[in-house]
Amino acid sequence: MRKLIVLCVVLSLSCSAFAALTGLATDILEPSWRGQAGTTLQAWSFGTGANPADLSLDMNPYGTPVAEVFTPSTTFPMSTYWKSSDNGHDGVWQIYGSNYMLLHIPNTENIAPNTSKEIWLQITYSAGSILRKPNLQVMPGDVTVEHVQETVIDELYYHDVFKITLVPNPTEEWIAIMPRDCTLYIDEIVVDTICIPEPATLLVLSLGGLLALRKRK
3 MRKLIVLCVV LSLSCSAFAA LTGLATDILE PSWRGQAGTT LQAWSFGTGA
53 NPADLSLDMN PYGTPVAEVF TPSTTFPMST YWKSSDNGHD GVWQIYGSNY
103 MLLHIPNTEN IAPNTSKEIW LQITYSAGSI LRKPNLQVMP GDVTVEHVQE
153 TVIDELYYHD VFKITLVPNP TEEWIAIMPR DCTLYIDEIV VDTICIPEPA
203 TLLVLSLGGL LALRKRK
């Protein structure tokens, strides 16, 4: 109950107030549906080298979201991949080779065939002296990834927004963030999700269907 109350308070804040509360500087383009029924909001700023990473914001009533770095290509200690600062950005994970960051987002228990899940993914990152967007792999279901917006943060860092659609609506989502033939420096991540239709609409549709059946009888 406390988590839901905090969720309502945070979702009513402006972007600037949100940034001040969480320490995140790059909640640049929030989805229009943030705060509606059936939504989640989680964020990571990687202020420490903890792996899985410490959450900067957890407004997910369905479970605890996780961001974890996997390094199958090397045997170096995990501390090798986290930097306390990089070109003025505090708390950065270095991902390269076959290494990747995996996000796990628990969600609504609704896998009806006529539903979908929309994910709004904001990533602040650098690829060094080249601009190569992160490679995303998302599961489960049929996946569509749309690049919504790119914002230049400084000489090396960018902020990208991706809209991801999964069909049907899964009970959890897995997002792998990988480099494209470069070293990827991940500074901050903000993830919003929504169930479409949202749960209240699904309930109305279900009740409508039951009423229609009763009238036929």
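All letters in the sequence shown, in the order written, are residues 3 to 219 by this note's numbering.
Beta carbons: idealized from backbone N, C-alpha and C, even for Gly.
Taking buried to mean at least 16 other C-beta atoms within 10 Å of its own C-beta, is THR28 buried or exposed?
In the sequence shown, counting from the first residue as 1, residue 28 sits at position 26. Looking at its Cβ environment, which holds 16 or more other Cβ atoms inside 10 Å, THR28 is buried.
Specify the secondary structure class of TYR159 as computed by DSSP and reduced to three states.
Counting from one through the sequence shown, the residue named residue 159 turns up at place 157. Reduced to three states, the DSSP call for TYR159 is strand.
Taking the beta strand (DSSP E) that TYR83 falls in, what are its first and last residues?
Here residue 83 corresponds to residue number 81 of the sequence shown, with the count starting at 1. Here TYR83 belongs to no beta strand (DSSP E), and DSSP marks it neither H nor E.
Smallest Cα separation from ILE196: which of ASP88, ASP189, VAL154 and THR167?
As a first step, residue 196 is located in the sequence shown; it is residue number 194 there, counting from the start. Cα-wise, what sits closest to ILE196 is THR167.
Looking at the structure shown, is ASP29 part of a helix, part of a strand, or coil, going by DSSP?
Indexing the sequence shown from 1 puts residue 29 at position 27. The three-state secondary structure of ASP29, taken from DSSP, is coil.
Taking the continuous beta strand (DSSP E) assigned at ASN137, which residues delimit it?
Locating residue 137 in the sequence shown gives position 135, counting from the first residue. It spans 137-141 - the beta strand (DSSP E) in which ASN137 sits, taken as one unbroken run.
Please state whether the Cβ-Cβ distance between ASP189 and TYR102 is less than 8 Å.
Here residue 189 corresponds to residue number 187 of the sequence shown, with the count starting at 1. Here residue 102 corresponds to residue number 100 of the sequence shown, with the count starting at 1. Taking 8 Å as the Cβ cut-off, ASP189 and TYR102 do not qualify as a contacting pair.
Close-in-space but distant-in-sequence residues of the same chain around VAL140 (CB under 8 Å, 5 per side omitted):
The residue you call residue 140 lines up with position 138 of the sequence shown. Excluding positions up to five away in sequence, the list reads ILE121, VAL147, ILE166, LEU168, GLU175, TRP176, ILE177 and ALA178.
Range of the contiguous beta strand (DSSP E) that encloses ILE188
Looking up residue 188 in the sequence shown gives position 186. For ILE188, the enclosing beta strand (DSSP E) stretches over residues 186-198.
Counted within 10 angstroms of its Cβ, other Cβ atoms place TYR83 as buried (16 or more) or exposed
The count along the sequence shown starts at 1 and reaches residue 83 at position 81. Classification for TYR83: buried.
Please report the straight-line C-alpha distance between TRP35 and VAL154, rounded to a whole angstrom.
Working through the sequence shown from its first residue, we reach residue 35 at position 33. Working through the sequence shown from its first residue, we reach residue 154 at position 152. Approximately 25 Å between the Cα atoms of the pair.
Return helix, strand or coil for ILE97, following the three-state DSSP convention.
Walking along the sequence shown from the start, residue 97 turns up at place 95. Look at ILE97 here: in three-state DSSP terms it is strand.
At what residues does the beta strand (DSSP E) containing ALA178 begin and finish?
Taking the first residue of the sequence shown as 1, we reach residue 178 at position 176. Judged by DSSP secondary structure, ALA178 falls within the beta strand (DSSP E) whose first and last residues are 174-180.
CB-CB under 8 Å to CYS184, same chain, minus the five flanking residues each way: which ones, in chain order?
Here the question's residue 184 lines up with position 182 in the sequence shown. Excluding residues within five positions, the ones whose Cβ falls inside 8 Å are TYR98, ALA129, GLY130, ILE132 and ARG134.
Please classify SER47: does DSSP put it in a helix, a strand, or coil?
Here the question's residue 47 lines up with position 45 in the sequence shown. The answer is coil: DSSP assigns SER47 none of H, G, I, E or B.
Can you look up ALA69 in the DSSP assignment and give me helix, strand or coil?
Position 67 of the sequence shown holds residue 69. The answer is strand: DSSP assigns ALA69 an E or B state.
Closest by CA to PRO33, which one among HIS161, VAL150, LEU186 and PRO172?
For the purposes of this step, residue 33 is taken as residue 31 along the sequence shown, with counting starting at 1. For PRO33, the closest of HIS161, VAL150, LEU186 and PRO172 by C-alpha to C-alpha distance is VAL150.
Work out the CA separation of LEU59 and SER208 for me, nearest whole Å.
Here residue 208 corresponds to residue number 206 of the sequence shown, with the count starting at 1. Here residue 59 corresponds to residue number 57 of the sequence shown, with the count starting at 1. Here the model assigns SER208 a pLDDT of 45, short of 50, so the residue's position is not dependable, and the following value carries that caveat. SER208 and LEU59 have their C-alpha atoms some 33 Å from each other.
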